[in-house]
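S.K.: Using the numbering used here, the letters of the sequence shown correspond one by one to residues 4 to 1133.
Even for Gly, the Cβ is constructed at its ideal location relative to N, Cα and C.
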Amino acid sequence: MSLRTGSQRLTAVVRTQRQTATRAGRRTYASAATATSNLPAHVRQAIESEARLPNADPPSDSSTARMVHSQSPFMVPTYVKPPPMFEQGQGCYIWDIENRQYLDFTAGIAVNALGHCDPEMSKLLYQQSQTLVHSSNLYHNPWTGALSQLLIEKTRQAGGFNAGKVFICNSGSEANEAAIKFARKCGKTVQPDGSKHELVSFHNSFHGRTMGSLSATPNPKYQKPFAPMLPGFKYATYNDTDSINELVTENTCGVIIEPIQGEGGVNVANPDFLIALRKRCTEVGAVLIYDEIQCGLSRTGQMWAHCDLPAEAHPDILTTAKALGNGFPIGATLVTDEVSSKIVTGDHGTTFGGNPLGCRVAHYIVTRLSDPELQRGVVKKGARFREHMARIQQRFPSIVKEVRGRGLILGMQLAADPTPVVTAARERGLLIITCGTNTLRFVPPLIISEDEIDKGTPTTTAQTSTSSPPLPDVPRAAKRRKVTRACDRCKSRRRRCDGELPCAVCVASDAACRYEAVYTRGKVVEPRASGSLMAVDRIAATRQESREGGLTVSGMEDDPHAGAMAVVGGLEDAGEYAESSSTHAFLRRAWERFGHREGLGSADQQSHAEQSASIFTFGDRRLPPLGDAAVVMPTAEEGEALLAVYFDFAMPCYRYLHRPTVAKVFAETQHLPAGLSGRPRDATTTISSRAVVWMLLATASLFKATERLAASEQLAETYYAAAVGALSRETGRARLESVQARLAVCLYLLHTGRPNEAWHNLGTTVQLVFALGLHRTRGDPVTEDVVAQECRKRTFWAVATLDTYMSVMLGRPALIDDREVNQRYPQALDDDEMTGGASSELVGDRIIQASIYHVKLARIAKRAAQVQSSTQTQTFLQKVKTASAVMEELAIWQKSLPVILSGVVHPSSLIPIFRRQTMVLRLAHAHATMLVTRPLLLVESVAAASLQPCISACLEGAAETLQMLSGSRSEFTTFSAFWFTQYVAFNAVSIAYVWLIQRKRGRLLEVRAALSDDALLREAEAVQKHFAGAVELNAPSLRYNVVLEELRQELSRLSMKGISQKRSKLEQRPLDPGSASPLREELFEVTDADSATQARPVPVDPVMPPDGFSMDFPFEPDLWLQLDSFPFCE
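1) What is the DSSP secondary structure of C95, counted as helix, strand or coil?
2) Just the C-alpha distance for L413 and S373, rounded to the nearest angstrom, thanks.
3) Report yes if the C-beta distance between D311 and E261 is below 8 Å; otherwise report no.
4) Of all the options G190, Q226, P145, V648, which has the alpha carbon lying nearest to the alpha carbon of C284?
5) In angstroms with no decimal places, state the Cα-to-Cα distance between K227 and S216.
6) Using a Cβ-Cβ cutoff of less than 7 Å, which residues in the same chain neighbour A961 once the five nearest sequence positions on both sides are dropped?
7) Using the C-alpha atoms, what's the distance from N254 back to H200?
8) Here's the rule: buried if 16 or more other CB atoms are within 10 angstroms of the residue's CB, otherwise exposed. What is Y142?
9) Do you know offhand how far M812's Cα is from K882's?
10) Mapping DSSP to helix, strand and coil, what is S208?
11) For the beta strand (DSSP E) holding A335, just list the boundary residues, first then last.
12) Residue range of the alpha helix (DSSP H) that L233 falls in?
13) Can you tell me which of the three DSSP states S1128 falls into?
14) State the Cα-Cα distance for the pair E177 and K383, rounded to the nearest angstrom.
15) So what does DSSP say about N270, is it helix, strand or coil?
16) Taking 8 Å as the threshold (C-beta atoms), are I863 and V889 in contact?
17) Would you call T303 buried or exposed, if buried means 16 or more other Cβ atoms sit within 10 Å of its Cβ?
18) My guess is that L645 and L700 are in contact by the Cβ rule of under 8 Å, so how many angstroms apart are they, rounded?
19) Verify whether the separation of the beta carbon atoms of V695 and E643 is less than 8 Å.
20) For C749, which three-state DSSP category applies?
21) Assuming I97 and F89 make a contact with CB atoms under 8 Å, what is their CB distance in whole Å?
22) Rounded to the nearest angstrom, how far is the Cβ of T721 from that of L629, given a contact under 8 Å?
23) Nearest CA to the CA of E1053: which residue from T767, L1008, R1002?
24) Once you ignore the five residues that flank A761 on each side, which residues in its own chain have a CB closer than 6 Å to its CB?
25) Check the DSSP bridge columns for Q416 and list the partner residues they point to.
26) Between the Cα of D835 and those of R849, R822, Y828, spot the shortest distance and give me the residue it belongs to.
27) Using the Cα positions of S899 and A182, report the straight-line distance between them to the nearest angstrom.
28) Would you call Q743 buried or exposed, if buried means 16 or more other Cβ atoms sit within 10 Å of its Cβ?
29) Taking only runs that begin and end inside the region 132-190, name each unbroken alpha helix (DSSP H) of 4 or more residues, in chain order.
30) What does a CB cutoff of less than 6 Å around V634 pick up in its chain, not counting 5 residues either side in sequence?
31) Mapping DSSP to helix, strand and coil, what is E733?
32) Tell me whether the beta-carbon of G766 lies closer than 8 Å to the beta-carbon of L818.
33) Using the Cα positions of I451 and T437, report the straight-line distance between them to the nearest angstrom.
34) So who's on the other strand from Q264, going by DSSP bridges?
35) In terms of alpha-carbon separation, which member of D806, C490, R498, I851 lies closest to F650?
36) Classify C120 as helix, strand or coil using the three-state DSSP reduction.
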């Protein structure tokens, strides 16, 4: 039996031992070799020789994760780091704190040119640290000058530029900062008036993160957070010779360029381009700067990357760092004597730069790196790398687009994002990094051996097709991934498959693993690569063999990017993470499962049905078309009744209109011909003001209790069409009524289940707000009508409040930035009090007060939502602190409420308008409380005492909402058709279910709640029933129920699982005739008091997999954001 076959057959044994160790609570081994340490020596050696460095990332319960979690709160989060934590290195290898070994192809981003922990360097660090570490640049020390002299001599010997002087600093950014300052000083010397100050850099370059070097790095990702940049920087296209003369002018003092762009994608400058650049700089008297921080110091096989260029392409300034210290922080700026002559004492300086410790270390490193034998080795090893890459590119050109670079700074550009390849490689013991556009970067230590290159890069094509694949990595127990697609062999045998190529079952059976069967479950899901760079070769080989054999993978044969998608593990479109274990995938499954049950069909079928919809209304409810009947204005009596419904019932808090003015416009509009085609003589109304009236009639018609739903909706749509038609004919200057009419349109669309169309209309409304300056306080003259002043403020704050709630509800950024707003709140004046010039606020209860407090509450909710949706990650403790601070704001807001709105007076004792306003504010306050505190339901590593106040408030807000809206309360009928009520109720029910699920999973058990779990569940289920049938107007209500039903099913499944465990324990007890009743109570739940004698098992959906939800669906940090937006997206 061959070594390969024998080791493959042992794979199943290895996997069984790992799983047994995991179930027993022992550590998951990092490699197959370690896992099999109890096997016979010859077997263990066989596995080790085939094992290809399998190093799964540390799981969430590992010592690494615990250490990272304990330290992260004290560090500024400037980097997103992978799970391993490294603590030891030697040569080209590095080890993490759990003793996993990695072959390092990154060298600390081209820093460790001599490898990790070079022995001689370590010895020098020790010796010099016992002699002198730092004395400042006020005094001489022997090693600063020695290093400077060595750099100049080695540069000249290698055929580099005519360097004369050196400035030593601490990093690459500082070296480039010095170069930029030196260029500016040279320009000022030539033109003392400062006109010669411009600098030119190139796109895709990277020169550092200090303000000067950052200004020379034209990458919006780096520049935008710190804009504006330093003035005077211009950006050119790399290798574009034709643009040089236009960009490099008499006002240019310097040009900075990387001969080989590292971060930008390993792009190599064309020699002719550099020659032309040098020529133009000489013509205009500009300084040419070469940034060789990454590509210099023998990484290309030459002392500097420009050394093999003619003198006509040499620079005036050169910067270096990275390899100069081999991990010790040091940088240097080399300049010609001509440049140095323009720098005088005091022009630049540094505290730590040039210290004896760093300079002595750098002196040794430069001596080593300038060795011709080492440089020849770099050229040879670079050729070895390129041979491997060229074979892959030649065979699979659709996957590997280009190989670039020189020596040991190489880039392999793929057809798709290479990040999954980096992750897969790291989990198998190989460190590589990315750069530029879809490019893998290889910058290993210069001392790497050819054997190590062969070990880390793909084998030749012939070897790949005949050798056995690496042993598959066993998923760690901390997080099991659900497999969406099985290989053909496992599928035909109904075997569990890990979804990788090749899968573990096929490897163990020494069988060919293919994914060629027709895939009929939606978008084709590609198998995950089971190796690092080997995956590129292996996946493409399978594809190529399939094509050559006349077979194709369903849905992929016509896709030019099919191979690239396999490389990155099956990316979803639009950048959306949709792995089977993501929250998004859970929501799609929920739609498929419960949408089909409700007769809606699949999500794909729904999408096909809506392809004819506008992009601005896609996903909204589609109403039946209107007939040809002309719009008829209601009689004066009917109109007054509808206006009363609108102001007293439909809009308790969005009170942005002046009721007497509306009544006047309605009276004039009654005399217009049908369709608003005429205008009576001496009428003061405009088209937009008449559109306001039509919209008020449309909205009020939705809430007429005496009409059937279909009839009232048909009438409302007729009025709505008349208003939209009027607005489409509006010409001239925008007016306040233009905003008011469109705001009324937005609110009406929300009431009728068209949130996406409402959001797009709100965008236009906000633009009109800005155009009219409604967001700004203006010095209104004393003679201006108080009605006009107050309506401007009312309208703006109504738009801002709607913007806040729609952004939260739809999961989209708010359109109005509060930092640009200085508009005052409206005065506490009711409509009948805004007469003449009397603008002083009167004493007593006012209807407008609820609107003002509603605005203030919405602003608190907006700030909280912006913090939660920010891209800046917060630690658990920071989330608790933020939530506590916002809760204090909410407490202050609640204390400031007038008595009539505070809830002290029972709603039944209030007049209808105050009763409705009180309930809206109660709902809004409960929503704000839940919004602020619900993320803490997902926090697990914070002490219960810290979580108690916020989680208690969250559950109290949910319980208050459920009690207000449950079917047994008459108050719910008041708001059954309100869009905001549905959203708040959805929040409350989902919070109740998530809380109960967490409790069933044994989490948050130390947190106390005022309402019992059983009582909370009863309230939640009562409100959910209302979603299933009571709300007919809003299409999202059904999708709300889709998500809630999925959560409820998970809760039922966990309850059933607990019952099964109890049953198992009870069946093992001795039978006791007197224990029937306790047994019955433990195995069954009692649903309510009336059916106490009819105990029954908790129902579980038969289509739900037994362990599917709890494994598939993680409570991710952005769970709530995704749940909020799901009912309104496709």
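M.R.: The structure says:
1) Coil, per DSSP.
2) A straight-line Cα-Cα distance of about 20 Å links L413 and S373.
3) Here D311 is not near E261, since their CB atoms are 8 Å or more apart.
4) Minimum Cα distance to C284 is reached at G190.
5) Computed Cα separation, rounded: 14 Å.
6) If we look at A961 and ignore the five residues flanking it on each side, its Cβ neighbours are M933, A991, I994, A995.
7) For H200 and N254, the gap between their C-alpha atoms comes out near 6 Å.
8) Exposed is the call here.
9) Rounded to whole angstroms, the gap between the alpha carbons of M812 and K882 is 21 Å.
10) Three-state result, S208: coil.
11) That run of the beta strand (DSSP E) goes 334-338.
12) It is not in any alpha helix (DSSP H) - L233 carries neither H nor E in the DSSP assignment.
13) When DSSP states are grouped into helix, strand and coil, S1128 belongs to the helix group.
14) For E177 and K383, the distance between alpha carbons rounds to 33 Å.
15) Here N270 sits in strand by DSSP.
16) A contact, by the Cβ cut-off of 8 Å.
17) Of the other Cβ atoms in all chains shown, 16 or more fall within 10 Å of the Cβ of T303; this residue is therefore buried.
18) Going by Cβ atoms, the distance from L645 to L700 rounds to 5 Å, so yes, they are a contact pair.
19) When the beta-carbon positions are compared, V695 and E643 stay at least 8 Å from each other.
20) Helix.
21) Taking C-beta atoms under 8 Å as the contact rule, I97 and F89 qualify, at a distance of about 5 Å.
22) About 6 Å separates the two Cβ atoms, so the contact holds.
23) Of the listed residues, the one whose Cα sits closest to E1053 is R1002.
24) Closer than 6 Å at Cβ, skipping near neighbours: C749, L752, L753.
25) Assignment of beta-bridge partners to Q416 by DSSP yields E405, T442.
26) Cα-wise, what sits closest to D835 is R849.
27) About 59 Å.
28) Q743 should be labelled buried.
29) Those alpha helix (DSSP H) runs which fall completely within the region 132-190 and span 4+ residues are 145-160.
30) The residues are T721, A725.
31) The answer is coil: DSSP assigns E733 none of H, G, I, E or B.
32) G766 places its beta carbon less than 8 Å from that of L818.
33) Straight-line spacing of the CA atoms in I451 and T437 works out to 20 Å.
34) DSSP output for Q264 lists N270 as bridge partner(s).
35) Closest option to F650, Cα to Cα, is I851.
36) Note: C120 maps to coil in three-state DSSP.
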